[in-house]
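Below: the structure, in structure tokens.
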Amino acid sequence: MDNKYIKFTWILFFVFVVFSCTDDLERYPTNGITSETQFSTLDGYTQGLATIYGQANNNGENWSGGLFREYFNLQEAPTDETIVYWNALTESIWTSGSAETTWEYSVLMKSIAYANNFLNEAEPGKVASRGFSGADADLIELYVAEARFLRAWYYWMLMDLFGNPPFATEETLAKGEIPRQIQRADLFEYIENELLAVESQLMAPRQNEYGRIDKAAAWALLARLYLNGKVYTSIDYYTEAITYCKKVIDAGYSLESEYAWLTLGDNHLCTNEFIFSIPFDNVEVKTWQGTNYMVLGASGLTKDMNGLGTHWSSFAFKPEFVDLFPSTDPGIDSRAMMYTDGRTKDIENISNSTQGYSAYKYRNFDRNGDLIPHPGDVTMSDVDFPVIRLAEIYLIYAEAVLRGGTGGDEATALTYINKIRERAYQNANGNITINEMTLDFILDERGRELYWECHRRTDLIRFDKFTSPEYLWAWKGGIKEGKGLPSHLVIYPIPNGDEAANPYVNQNPGY
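Residue numbers (the working numbering): 496 to 1006.
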């Protein structure tokens, strides 16, 4: 087995029955095995936890329905960063019946349902009644902490995307109650409390198996949560963001020496920088979703560029994003891995997949430039997805300091920003001064560093630029020159099926 998988593999162990999103929080799909049978062994609990993890990388019920495929579309297509061809999200168009929002909502709700069921079955009384004690009981207790983290992460995505979703915990499931809608500020508090509660129960940073979370993952997700806290609650949490950034930084992470390594087929080696990543593998975790979409979706690339095969003509850059870089030459800024041959920078027709510069960021090669060897289907990606990495933590620290958080300082923030840029430029030519380190610079630098890693929509909303008529990009609002958007579009609508089926769910304002 590949060294990125030790004992714990992210494989879906159950043959799931597919339900509509209407009651995903109430029901747990089963293949006919009873809970008493499934959770009678330690392997059964391991499989249960793997199922919760596995929702992030192997969950599409059809070719377009996976968590990260749709998360990419929802976070990138409506922004200045990415054109997703033939997709109305590119034109800022979506409704309560849109397929992309419905699929993502359904997967997240179902993932939370799996976590709730697992937590019911891992309740200490049940664990003891099934004869577990000592080291086995301690391991199940660790599994509980990881399951609670994953549930909090799935809820964070729901909160960020949909604002006010239905809410259920293991207690709701046990009582058979219909989930009630929760307000965004209340869900923020719940997520915060869950992450704080499991912090002490998780393994120390970098001590868990690859692909599983630890204390640093909880700290990093808290930092991200706090950075966006004012969007979710109208109260700023920048001091808290700095506090948890420092915890991560002090845990001994460091930037990888080459930016390109972060999204290659052997990026499981990037343990210096990766804090939380989603494994994908041609043999162990085969899926058309996730990074397979990111490798093959970049328009115009050939197999000798992406390492998999013919591109799907799915997405490329909008022209405004290209302008964030000093040049399309990666010899200046190595992050500008742009593909321009036979392509135009400007986008006159959003259905013409040769318009918009593309990029070869995700590639199924190793650090030596060799195609990743495997016996499986060569059209499946081996690239792991970096959910949270150290460079993001450096950027959060700097932004939180500039926004007035205490416990940090601008000189340290500048050091972190220049570390990122020295890696990108492979020298000090890209370094900036403290006067150049403005909030607008941070937004641009986040774009350069984190593009196609599912951050841009959230970032633009935090900077009040997502709907603003003051900041336009191609096809914003459905016209080539761009236009301002109605303010309610900062969150997506609750899918109409859920609104119709659950009497306790009201549609988000404006839809």
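We put the beta carbon where it would ideally sit given N, CA and C, even for glycine.
Per the DSSP calculation, residue i is bridged to which residue(s)?
{"i": "Y834", "result": "S853"}
{"i": "S772", "result": "P881"}
{"i": "A736", "result": "Partner(s): none; A736 has no beta bridge."}
{"i": "F662", "result": "R675"}
{"i": "T839", "result": "Q850"}
Here's the rule: buried if 16 or more other CB atoms are within 10 angstroms of the residue's CB, otherwise exposed. What is residue i?
{"i": "Q784", "result": "buried"}
{"i": "W581", "result": "exposed"}
{"i": "R952", "result": "buried"}
{"i": "E616", "result": "buried"}
{"i": "R564", "result": "buried"}
{"i": "K455", "result": "Any answer about residue 455 is impossible in this case: the structure gives the chain only from 496 up to 1006."}
{"i": "Y999", "result": "exposed"}
{"i": "Q850", "result": "buried"}
{"i": "G826", "result": "exposed"}
{"i": "E556", "result": "Because the pLDDT of E556 is 48, which lies under 50, any placement of that residue in the model is unreliable, and the number read from its coordinates should be weighed accordingly. Exposed: under 16 other Cβ atoms inside 10 Å."}
{"i": "Q533", "result": "buried"}
{"i": "G760", "result": "buried"}
{"i": "G706", "result": "buried"}
{"i": "R675", "result": "exposed"}
{"i": "S901", "result": "A small fix is needed here, since residue 901 is Thr in this sequence, not Ser. So T901 ends up on the exposed side."}
{"i": "N997", "result": "buried"}
{"i": "T797", "result": "exposed"}
So what does DSSP say about residue i, is it helix, strand or coil?
{"i": "R625", "result": "coil"}
{"i": "Q676", "result": "strand"}
{"i": "I578", "result": "strand"}
{"i": "F860", "result": "strand"}
{"i": "L656", "result": "helix"}
{"i": "L945", "result": "helix"}
{"i": "L691", "result": "helix"}
{"i": "L584", "result": "helix"}
{"i": "L819", "result": "coil"}
{"i": "L897", "result": "helix"}
{"i": "L614", "result": "helix"}
{"i": "L866", "result": "strand"}
{"i": "L759", "result": "strand"}
{"i": "G979", "result": "coil"}
{"i": "W648", "result": "helix"}
{"i": "N604", "result": "Correcting the residue type first, residue 604 is Met in the shown sequence and not Asn. The answer is helix: DSSP assigns M604 an H, G or I state."}
{"i": "D904", "result": "coil"}
{"i": "S530", "result": "helix"}
{"i": "L634", "result": "helix"}
{"i": "R701", "result": "coil"}
{"i": "F514", "result": "Model confidence at F514 stands at a pLDDT of 31, short of 50, so the residue's coordinates are unreliable; what they give is reported in the following sentence. Correct three-state label for F514: coil."}
{"i": "D1007", "result": "This structure gives no information on residue 1007, because the portion of the chain shown stretches from 496 to 1006."}
{"i": "E887", "result": "helix"}
{"i": "T874", "result": "coil"}
{"i": "V1000", "result": "coil"}
{"i": "T667", "result": "helix"}
Tell me which residue opens and which closes the alpha helix (DSSP H) that residue i is part of.
{"i": "S829", "result": "Unbroken run through S829: none, as it is neither H nor E."}
{"i": "V790", "result": "T786 to G792"}
{"i": "Y748", "result": "Note, Y748: premise wrong, no alpha helix (DSSP H); not H, not E."}
{"i": "I956", "result": "R951 to R957"}
{"i": "F567", "result": "L562 to E571"}
{"i": "K798", "result": "K798 to N801"}
{"i": "S593", "result": "Premise fails: S593 is in no alpha helix (DSSP H) and is neither H nor E."}
{"i": "N552", "result": "It is not in any alpha helix (DSSP H) - N552 carries neither H nor E in the DSSP assignment."}
{"i": "L984", "result": "No alpha helix (DSSP H) holds L984; DSSP gives it neither H nor E."}
{"i": "R719", "result": "K710 to L722"}
{"i": "E931", "result": "Neither: E931 is in no alpha helix (DSSP H) and is coded neither H nor E."}
Near residue i, what residues of its chain come up, given a Cβ to Cβ distance below 7 Å and the 5 sequence neighbours on each side ignored?
{"i": "K960", "result": "Y966"}
{"i": "A969", "result": "K813, P814, E815, I842, K975 and G977"}
{"i": "K742", "result": "W714"}
{"i": "G1005", "result": "P981 and H983"}
{"i": "G899", "result": "Y733"}
{"i": "F613", "result": "G543, L544, I547 and A642"}
Between which two residues does the beta strand (DSSP E) harbouring residue i extend?
{"i": "A1079", "result": "In the structure as shown, the chain begins at 496 and stops at 1006. Residue 1079 is therefore absent and cannot be evaluated."}
Ignore the nearest five residues each way along the sequence and tell me which others in residue i's own chain have a CB closer than 6 Å to its CB.
{"i": "A886", "result": "I915 and E944"}
{"i": "Y609", "result": "T546 and I547"}
{"i": "Y987", "result": "T596, L656 and F657"}
{"i": "Y649", "result": "L603, S606 and I607"}
{"i": "F958", "result": "L938"}
{"i": "P700", "result": "D709, K710, A711 and A746"}
{"i": "D497", "result": "For D497, the predicted structure reports a pLDDT of 39, less than 50, and the residue's modelled location is therefore unreliable. The matter cannot be settled from this model."}
{"i": "I677", "result": "F662"}
With hydrogens ignored, establish whether the beta-carbon of residue i is closer than 8 Å to any heavy atom of the ligand FAD.
{"i": "T874", "result": "Annotation note on the ligand FAD: not contained in the displayed structure, which lists no ligands."}
Here's a check: name, in chain order, each residue in its chain whose Cβ is nearer than 8 Å to the Cβ of residue i, leaving out the five neighbours to either side.
{"i": "E618", "result": "E665"}
{"i": "S749", "result": "N767, E768 and L885"}
{"i": "E751", "result": "L757, C765, N767, E768 and R918"}
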